[in-house]
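Engineer: I have a structure I would like to understand better, so I am pasting it below and will then ask my questions one at a time.
In our numbering, the protein residues as written are 603 to 835.
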């Protein structure tokens, strides 16, 4: 009983919260398709009817919106076909889609928790076993199996809450972000770039420009940026 109350308190401030937990119990009685649609609406409301941001230039903006909506429909259909509960669907979406990113340079890169020998064992854990009411903070209780990988003396210095690095991201997005290659290639709309304030969109625009710069350095032929447009966000 005490463990259940602690879990309810811990999830009350995350995602759909306690109301979402109650809804998940009720949703178990629904047909798979309805259950999957309800899960998506509760867990990913901003992705129920995705629209590409205005910084994406036409005709790519319309095509991107169509692709995003088709992708959402595929995810909902996959959850329904698999007959997943809300908890199972959420665990699935916590990892997928997952694309392996190749190394950016000569320094070896590794993701221990995504290692082929580790990941299947982690995915085989029962969802209920991923929570431990005995750990000291809500964040650690919800990450119980990861915390338990560390020796007891090291656990005292583990993060006690989720770190979003939002201050760093906002600071990075506050800097002028030049995107002349993306604008010249017709991928980004210069007028929309000039007034965009969304941090995620600004950083994504900068990432697109970095990718194009890397492609150009590797020998790709790109349209020349217009000399009279800075491409600044």
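Beta carbons are placed, not taken as given, at the ideal position from N, Cα and C, and that holds for glycine.
Is it buried or exposed for residue 821, if we count other Cβ within 10 angstroms and need 16 for buried?
Structural biologist: The residue in question, residue 821, is exposed, as its Cβ has fewer than 16 Cβ neighbours within 10 Å.
Engineer: Where does residue 830 sit, in a helix, a strand or coil, going by DSSP?
Structural biologist: Any reading at residue 830 needs caution, since the residue's pLDDT is 48, under 50, leaving its predicted position unreliable; the model's value is listed next. Coil, per DSSP.
Engineer: For residue 800, count neighbouring Cβ atoms within 10 angstroms of its own Cβ and tell me buried if that reaches 16, exposed if not.
Structural biologist: Flag for residue 800 reads exposed.
Engineer: Look at the alpha carbon of residue 836 and the alpha carbon of residue 639, and state the distance between them as a whole number of angstroms.
Structural biologist: In the structure displayed, the chain extends from 603 to 835; residue 836 sits before or after that span and is not available.
Engineer: What are the uninterrupted segments assigned as alpha helix (DSSP H) that are 4 or more residues long and contained completely in the segment 789-825, given in chain order?
Structural biologist: With a minimum length of 4 residues, the continuous alpha helix (DSSP H) runs that stay inside the segment 789-825 are 792-797, 801-819.
Engineer: Hey, residue 666 and residue 658 are a contact pair by Cβ (cut 8 Å); roughly how many whole angstroms apart?
Structural biologist: Contact holds; Cβ gap of about 5 Å.
Engineer: Please report how far the alpha carbon of residue 616 lies from the alpha carbon of residue 642, in whole angstroms.
Structural biologist: Each residue's alpha carbon lies about 16 Å from the other.
Engineer: Please work out which residues of its chain come closer than 6 Å, Cβ to Cβ, to residue 819, disregarding the five sequence neighbours upstream and downstream, and give them in chain order.
Structural biologist: Excluding residues within five positions, none has a Cβ falling inside 6 Å.
Engineer: Does the beta-carbon of residue 604 have 16 or more other beta-carbons within 10 angstroms, so that it is buried, or is it exposed?
Structural biologist: Looking at its Cβ environment, which holds fewer than 16 other Cβ atoms inside 10 Å, residue 604 is exposed.
Engineer: Going by the DSSP bridge assignment, what does residue 658 pair with across the sheet?
Structural biologist: Answer is 790, bridged to residue 658.
Engineer: How would you label residue 779, buried or exposed, when you count the other beta carbons within 10 angstroms and need 16 or more for buried?
Structural biologist: Flag for residue 779 reads buried.
Engineer: Spell out a yes or no on whether the segment 641-655 and the segment 696-708 are touching, meaning 3 or more CB-CB pairs, one atom from each, closer than 8 Å.
Structural biologist: No, they do not touch.
Engineer: Is the number of C-beta pairs between the segment 805-815 and the segment 770-785 that are closer than 8 Å three or more?
Structural biologist: Yes, the segment 805-815 touches the segment 770-785.
Engineer: What are the uninterrupted segments assigned as alpha helix (DSSP H) that are 4 or more residues long and contained completely in the segment 714-743, given in chain order?
Structural biologist: You should have 721-725.
Engineer: Apply the 10 Å Cβ neighbour rule to residue 764 and answer buried if 16 or more other Cβ atoms are within range, or exposed otherwise.
Structural biologist: When all chains shown are included, residue 764 counts as exposed.
Engineer: In or out: residue 630 buried (at least 16 other Cβ within 10 Å) or exposed?
Structural biologist: When all chains shown are included, residue 630 counts as exposed.
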